[in-house]
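J.: After the structure tokens below, expect a handful of questions from me.
Numbering (the working numbering), first residue to last: 513 to 896.
Pasting the structure below:
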């Protein structure tokens with residue numbers, strides 16, 4: 513079968529009408545061969561009608577794909593007339609009828625094909641006098657029909673496989689586009705968090721530096737060091753985030769983890785703000801998406817504290833529960849009067865990050881005193 517593959521591939525490039533014409537000519541030559549190769553025992557030539565009937569039985573095969581039922585009826589009708597003409601050569605097998613029966617089985621609906629098979633067999637039994645000839649004809653036409661149905665089933669299966677492959681390819685393409693959109697959205701959120709955090713720290717420290725440069729040079733020096741540190745850290749994180757766009761997964765730099773929260777808290781501290789990091793419960797390994805989300809949530813919440821609260825202290829607390837990781841960022845500043853205010857894109861980003869992982873987020877004024885609190889719940893169902 514593998515040896516026939518190149519032949520089949522080449523045949524697919526040939527127009528069907530050419531193939532059917534060649535087939536009709538071949539059948540015609542085979543059916544004419546008894547008239548050419550044998551001599552009439554009664555003397556004299558064969559009847560001219562014998563040649564006409566042979567041609568009439570083979571010529572319709574040229575249109576067998578366009579009108580399979582009509583081709584079969586014309587071919588069988590011409591074949592039936594052959595025995596009513598005198599001075600004709602015996603025909604061992606009428607190949608035109610077999611080819612037409614095969615074509616009906618391939619290109620016609622199953623019910624119509626079965627009806628035509630019954631009509632063909634019934635007509636043959638009525639016209640053929642010999643039981644041996646009738647039995648041979650029944651076997652040949654049933655075999656031709658069975659081969660045709662097997663071919664039709666195989667082609668339908670191949671078409672179904674091609675359609676399924678095309679559908680799967682389309683689904684893979686759509687999923688790849690969705691994955692790319694999700695990745696771009698993730699990169700955009702990460703860049704927003706990185707830049708907002710770094711710029712906020714740099715602005716606060718830069719504003720404080722000139723004020724204390726004469727009265728407290730050491731504090732001014734620490735402020736400028738904090739600006740430089742925040743800038744360098746932002747550049748590192750930006751390179752790490754943007755490397756996703758041009759590097760393979762095996763060469764990407766590691767994403768931020770919960771171990772980096774201590775550095776984040778240290779960077780946010782300064783200019784009168786004290787950030788305290790604490791944890792309770794039993795820590796456990798997390799999937800990368802959950803760990804990155806936890807880091808970005810804490811980063812964005814601390815950025816909001818630095819930019820808007822005017823607080824002296826901020827508490828970043830991780831609480832490990834059986835099914836959830838609770839992240840709480842609480843400050844003692846002036847806060848805001850509404851949960852997730854419309855103008856606060858950072859708080860909205862926190863909510864979207866939590867919702868993307870099946871969690872939730874709330875933000876609003878503290879109930880136990882002045883200040884603001886951001887509380888985020890991240891499910892641990894997918895933890896590693």
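Positions of the beta carbon are idealized from the N, C-alpha and C atoms, including for glycine.
Treat the numbers as computed from the prediction; the structure is a model and nothing was measured.
Which residue's Cα is closest to the Cα of residue 841: 686, 653 and 816?
T.: When each option's Cα is compared against that of residue 841, the closest is 816.
J.: Mind reading off the beta-carbon distance from residue 553 to residue 611? Whole number of angstroms is fine, and I expect it under 8 Å.
T.: Actually they do not touch by this definition, with Cβ atoms about 30 Å apart.
J.: I'd like to know whether the C-beta atoms of residue 790 and residue 827 end up nearer to each other than 8 Å.
T.: Yes, these two residues count as a Cβ contact at 8 Å.
J.: Secondary structure at residue 841, three-state DSSP: helix, strand or coil?
T.: Strand, per DSSP.
J.: So, with DSSP's three-state summary, where would you put residue 822?
T.: Three-state DSSP puts residue 822 in coil, outside helix and strand.
J.: Does DSSP put residue 660 in a helix, in a strand, or in coil?
T.: In this structure, residue 660 counts as helix in the three-state DSSP scheme.
J.: Distance, Cα to Cα, residue 576 vs residue 687?
T.: Their Cα atoms are separated by approximately 44 Å.
J.: What span of residues does the alpha helix (DSSP H) with residue 805 cover, start to end?
T.: Segment 800-816, the alpha helix (DSSP H) holding residue 805.
J.: Locate the beta strand (DSSP E) running through residue 893, then write down its first and last residues.
T.: Careful: residue 893 lies outside any beta strand (DSSP E) and carries neither H nor E.
J.: Please report how far the alpha carbon of residue 778 lies from the alpha carbon of residue 680, in whole angstroms.
T.: Between residue 778 and residue 680, the C-alpha separation is close to 50 Å.
J.: Start and end of the beta strand (DSSP E) containing residue 786?
T.: Here the beta strand (DSSP E) through residue 786 covers 786-792.
J.: Leaving out five residues on either side along the sequence, give the residues of the same chain with a beta carbon under 8 Å from the beta carbon of residue 543.
T.: 566, 569, 570, 603, 606, 607 and 608, listed in sequence order.
J.: Go ahead and pull the three-state DSSP assignment for residue 833.
T.: Correct three-state label for residue 833: coil.
J.: Taking buried to mean at least 16 other C-beta atoms within 10 Å of its own C-beta, is residue 628 buried or exposed?
T.: Counting Cβ neighbours within 10 Å, residue 628 comes out buried, since at least 16 surround it.
J.: Buried or exposed, going by whether 16 or more other CB atoms sit within 10 Å of the CB of residue 863?
T.: Burial call: buried.
J.: Tell me whether residue 712 is buried or exposed, calling it buried when 16 or more other Cβ atoms sit within 10 Å of its Cβ.
T.: Residue 712 comes out buried.
J.: By the 10 Å Cβ neighbour count, where 16 or more other Cβ atoms means buried, how is residue 804 classified, buried or exposed?
T.: Result: buried.
J.: So, for residue 591: in the same chain, excluding its five sequence neighbours on each side, which residues have a beta-carbon less than 6 Å away from its beta-carbon?
T.: The residues are 569, 606 and 609.
J.: When you compare only the Cα positions, how much space is there between residue 556 and residue 595?
T.: The straight-line gap from Cα to Cα measures roughly 18 Å.
J.: Report the three-state DSSP secondary structure of residue 869 (helix, strand or coil).
T.: Correct three-state label for residue 869: coil.
J.: Within the continuous alpha helix (DSSP H) that includes residue 633, where are the two ends?
T.: Looking at the DSSP string, the run of the alpha helix (DSSP H) that includes residue 633 is 622-639.
J.: Measure the C-alpha to C-alpha separation of residue 881 and residue 845 and round it to an integer number of angstroms.
T.: Between residue 881 and residue 845, the C-alpha separation is close to 10 Å.
J.: Are residue 549 and residue 600 closer than 8 Å when you measure CB to CB?
T.: Their beta carbons are not under 8 Å apart, which means residue 549 does not touch residue 600 by this criterion.
J.: Please say whether residue 829 and residue 865 have beta carbons closer to each other than 8 Å?
T.: No.
J.: Look at the alpha carbon of residue 673 and the alpha carbon of residue 683, and state the distance between them as a whole number of angstroms.
T.: Looking at the two C-alpha atoms, the distance is approximately 15 Å.
J.: Spatial neighbours of residue 654 within its chain, please: C-beta separation below 8 Å, excluding the five flanking residues on both sides.
T.: Within the same chain, residue 654 has close Cβ partners 629 and 633.
J.: I'd like to check one pair, residue 837 with residue 811: are the Cβ atoms closer than 8 Å?
T.: For residue 811 and residue 837, no; Cβs fall outside 8 Å.
J.: Look at the alpha carbon of residue 871 and the alpha carbon of residue 795, and state the distance between them as a whole number of angstroms.
T.: If you take the alpha carbons of residue 871 and residue 795, they lie about 18 Å apart.
J.: Would residue 814 and residue 788 be called neighbours here (beta carbons separated by less than 8 Å)?
T.: In this structure, residue 788 does not lie closer than 8 Å to residue 814 by Cβ.
J.: Taking the Cβ atom as the reference point for each residue, do residue 664 and residue 617 lie within a distance shorter than 8 Å?
T.: Closer than 8 Å, so yes.
J.: Whole-angstrom Cβ separation of residue 746 and residue 707, contact assumed at under 8 Å?
T.: So it is a contact: roughly 7 Å between Cβ atoms.
J.: What does the alpha-carbon distance come out to for the pair residue 573 and residue 589?
T.: Distance between the alpha carbons of residue 573 and residue 589 is about 14 Å.
J.: Going by beta-carbon coordinates alone, are residue 890 and residue 875 separated by less than 8 Å?
T.: Result no, Cβ atoms of residue 890 and residue 875 do not sit closer than 8 Å.
J.: For residue 738, count neighbouring Cβ atoms within 10 angstroms of its own Cβ and tell me buried if that reaches 16, exposed if not.
T.: Classification for residue 738: buried.
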